[in-house]
Amino acid sequence: MDAIKQNKDREYQKYVSAKMPKTNILRNCTSAFLVGGLICVIGQIILNIGRNYYNLDQNSAATFTTIVMIFLGGILTGLGVYDDIGKIGGAGSIVPITGFSNSIVSPAMEFKREGFVLGIGAKMFTVAGPVLVYGIGSSVVVGFIYYFFVR
Amino acid sequence: MESKRLGGQTIILKNRPKIISNSSIVGQKESQGPLGEFFDIVMPDNLWGEDSWEKTECRMLKEVCERAIEGANKKNTDINYFFAGDLLNQIMTANFTARTLGIPFFGLFGACSTMTESISLGAIMVDGGYADNALCATSSHFCTAERQFRYPLEQGTQMAPTGQWTVTGAGAVVVSNEGNGPSITHITTGKVVDYGIKDVNNMGAAMAPAAVETIKAHFEDTGRNPQDYDLIVTGDLGRFGRELTIDMLNKEGYDIASRYIDCGCEIYGEEQDVQSGGSGCGCSAVVFSGFILKKIEEGELNRVLMGSTGALLSTTSTQQGESIPGIMHLVVIEKGEG
Amino acid sequence: MEYLKAFVVGGLICVVGQILIDKTNLSPARILVIFVTSGVVLGALGIYEPLVQFAGAGASIPLPGFGNTLAKGVLDSVNQEGILGIFTGGVQAAAGGITAAVFFGYLIAIIFDPKTKR
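Residue numbers (my numbering), protein chains in the order written: chain A, 1 to 151; chain R, 152 to 489; chain V, 490 to 607.
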């Protein structure tokens, strides 16, 4: 009985994937390339401003750029523009640090109605939380390996 | 006792309860679709002056319920039962609307199949003589569904080609044992069907087998053919799910293509950028109460096989890797006096 | 030239993400986690830093750049402070970004309300 059901399921899933309308990967990738590239160019302009006008060293200029880009991504999210960029750009708007900012501001705004602590405070980390957990977590693992086995 | 049952899943309503009034409300996007002119109320925006989208959805449902009761020339106290449900956790919209209406209430969860589920139960109550009037309603709202099931609105995301757009809309009908209006003659209740589709962006494919099995069961139980109906309707399978349903029913020997519409395909135009079409409880609710019932009343349609399709998933079941169970309930609506 | 390099490299990193989304149906959250983690790994192996030197913001603005900052921070701190650096280095290096995200995120969420999609 179970085997028959499993077979039927598998057959249906095969049937569905054969008939599925295909995503236009080429078009999606092109717009991701353009949007993502453009965001990085804006980042580069800010990096150069930091270097040339504020005479920041390399590390500080990078931090400066990150902060400004996070602000820009956040404000565009607040103004309701970033989701439109995301609709066109796909990963081109998710992968840059502005996308990280978007993923913080959008749930924070959305859940304001559920309160300032459990609404904004908790929900702003629905996507950013995992990013920090795995980012910081893996950096600690890297640190351990480096300290004990490499250095 | 005389049995009112017909085959495995179908019942006959010998007393032919009638749908004596209906009401529908939609948002701006739905009003701009091909069926826009048929809906009773169009909200100026998706918040409608409320503090939250959940409150807006409650007001939408309350509004259509009151209008339907008014349209039937009844008072709240004339309505014996209120059957309603929605998509939100613990069917918040339906519960809060019932709190306002003060009518004995059965809360339902059938996901997007709630419209025909509530009509089925209301009609059974009336046919059995347990109610003179029953109010059957459901609602969905793009913004409340999006934040519960998908992403925050301002998050930049792309829709998959099989993705569907939750309809902002609510529909209500009053089923009664007397008065004028289209009659409900048969009910075929669906079973939960799951062929192991896990992709939440592909609800059409998850629900299509449920639609196929209920339609097939209906034809087998009643001995009828697709030709016996002027129109066969499914709830929110979308373009892709519709295509699968036609194809699978063809393999079963039923050719429905020429007389079959899916509410999800009808409510939005191709140019409205909704990928596979509409979804949500409100989808079949507003197309049925706004469009189909009017076409029956005007005499353009005589006998309609009406189904609402539901995808019975939750965010928890999805995160735990479960597949998406589907269901569809059918009711037969006929014009004319019994 | 600098800008062209940033454009092309940044764009290409995003294309990798787009292919992942279209081929595997991964949610944005998973994409971000994968990119940050791979940034940490590539940074630790010393592969990502040359890319940053080459493409500037084209490599540092995409999320792997954030991972690279974390990894670099840990390695530098371990060199200077020893074992404590394992725990302090990453967040120290990324402090600006994290704090900006929390602060601006909160501020903007207070000021603005979400709007429905068209």
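In this text, a Cβ means the ideal position worked out from N, Cα and C, and glycines have one as well. This one's a predicted model, so the numbers in the text were calculated from it and none came from an experiment.
Under 8 angstroms between C-beta atoms, does residue i make it to chain A?
{"i": "Y492 (chain V)", "result": "yes"}
{"i": "T469 (chain R)", "result": "no"}
{"i": "T526 (chain V)", "result": "yes"}
{"i": "Y281 (chain R)", "result": "no"}
Measuring only between beta-carbons, confirm whether residue i sits less than 8 angstroms from chain V.
{"i": "E305 (chain R)", "result": "yes"}
{"i": "P96 (chain A)", "result": "yes"}
{"i": "Y146 (chain A)", "result": "yes"}
{"i": "F293 (chain R)", "result": "yes"}
{"i": "L132 (chain A)", "result": "yes"}
Return the residue from the list the options that minimises the CA-CA distance to residue i.
{"i": "S139 (chain A)", "options": "V:L515, V:D602, V:A590, V:L531", "result": "V:L531"}
{"i": "G99 (chain A)", "options": "A:N24, A:G143, A:I39, A:V133", "result": "A:I39"}
{"i": "M243 (chain R)", "options": "R:I270, R:D229, R:R218, R:T207", "result": "R:T207"}
{"i": "L564 (chain V)", "options": "V:E538, V:L552, V:A544", "result": "V:E538"}
{"i": "G554 (chain V)", "options": "V:I523, V:A598, V:K512", "result": "V:I523"}
{"i": "P551 (chain V)", "options": "V:K512, V:I502, V:I575", "result": "V:I502"}
{"i": "G135 (chain A)", "options": "V:L493, V:A548, V:A544, V:L559", "result": "V:L559"}
{"i": "P603 (chain V)", "options": "A:V131, A:G80, A:I145", "result": "A:G80"}
{"i": "K342 (chain R)", "options": "R:Y380, R:G428, R:Q160", "result": "R:Q160"}
{"i": "T30 (chain A)", "options": "V:V541, V:T526, V:V505", "result": "V:V505"}
State yes or no: is the beta carbon of residue i nearer than 8 angstroms to at least one beta carbon in chain R?
{"i": "T605 (chain V)", "result": "yes"}
{"i": "P517 (chain V)", "result": "yes"}
{"i": "N568 (chain V)", "result": "no"}
{"i": "G37 (chain A)", "result": "no"}
{"i": "Y53 (chain A)", "result": "no"}
According to DSSP, simplified to helix, strand and coil, what is residue i?
{"i": "H292 (chain R)", "result": "coil"}
{"i": "S154 (chain R)", "result": "coil"}
{"i": "S175 (chain R)", "result": "strand"}
{"i": "N28 (chain A)", "result": "helix"}
{"i": "N224 (chain R)", "result": "coil"}
{"i": "W316 (chain R)", "result": "strand"}
{"i": "I335 (chain R)", "result": "strand"}
{"i": "E485 (chain R)", "result": "strand"}
{"i": "M479 (chain R)", "result": "strand"}
{"i": "A544 (chain V)", "result": "helix"}
{"i": "N59 (chain A)", "result": "helix"}
{"i": "F233 (chain R)", "result": "strand"}
{"i": "G115 (chain A)", "result": "coil"}
{"i": "P21 (chain A)", "result": "coil"}
{"i": "L186 (chain R)", "result": "coil"}
{"i": "N166 (chain R)", "result": "coil"}
{"i": "G279 (chain R)", "result": "coil"}
{"i": "T65 (chain A)", "result": "helix"}
{"i": "A311 (chain R)", "result": "coil"}
{"i": "N352 (chain R)", "result": "coil"}
{"i": "N284 (chain R)", "result": "strand"}
{"i": "G322 (chain R)", "result": "strand"}
{"i": "T340 (chain R)", "result": "coil"}
{"i": "S327 (chain R)", "result": "strand"}
Between which two residues does the alpha helix (DSSP H) harbouring residue i extend?
{"i": "T588 (chain V)", "result": "574-600"}
{"i": "F125 (chain A)", "result": "125-145"}
{"i": "L521 (chain V)", "result": "517-533"}
{"i": "L509 (chain V)", "result": "491-513"}
{"i": "V610 (chain V)", "result": "Since the first and last residues shown for chain V are 490 and 607, residue 610 (chain V) lies out of range."}
Looking at the secondary structure, which residues open and close the beta strand (DSSP E) in which residue i lies?
{"i": "G461 (chain R)", "result": "454-462"}
{"i": "T495 (chain R)", "result": "As shown, chain R starts at 152 and ends at 489. That puts residue 495 (chain R) outside it, with no answer to give."}
{"i": "D413 (chain R)", "result": "411-413"}
{"i": "L259 (chain R)", "result": "256-259"}
Query - Three or more C-beta pairs below 8 angstroms linking the region 322-335 of chain R and the region 284-297 of chain R - result: yes
- Query: If we count Cβ pairs, one from each stretch, closer than 8 angstroms, do we get three or more for the region 167-178 of chain R versus the region 186-203 of chain R?
  - Reply: yes
* Three or more C-beta pairs below 8 angstroms linking the region 207-218 of chain R and the region 275-285 of chain R -> Using a Cβ-Cβ distance cut-off of 8 angstroms, the region 207-218 of chain R and the region 275-285 of chain R are not in contact, since fewer than three pairs of beta carbons, one from each stretch, lie closer than that value.
- Task: Report yes or no: do the region 504-523 of chain V and the region 301-317 of chain R share at least 3 C-beta pairs separated by less than 8 angstroms?
- Result: yes
Inset, instruction - Examine the Cβ distances between the region 269-278 of chain R and the region 246-253 of chain R and report whether three or more of them are shorter than 8 angstroms. - result: no
Quiz item: Between the region 230-244 of chain R and the region 333-352 of chain R, do three or more beta carbon pairs fall short of 8 angstroms?
Solution: No, they do not touch.
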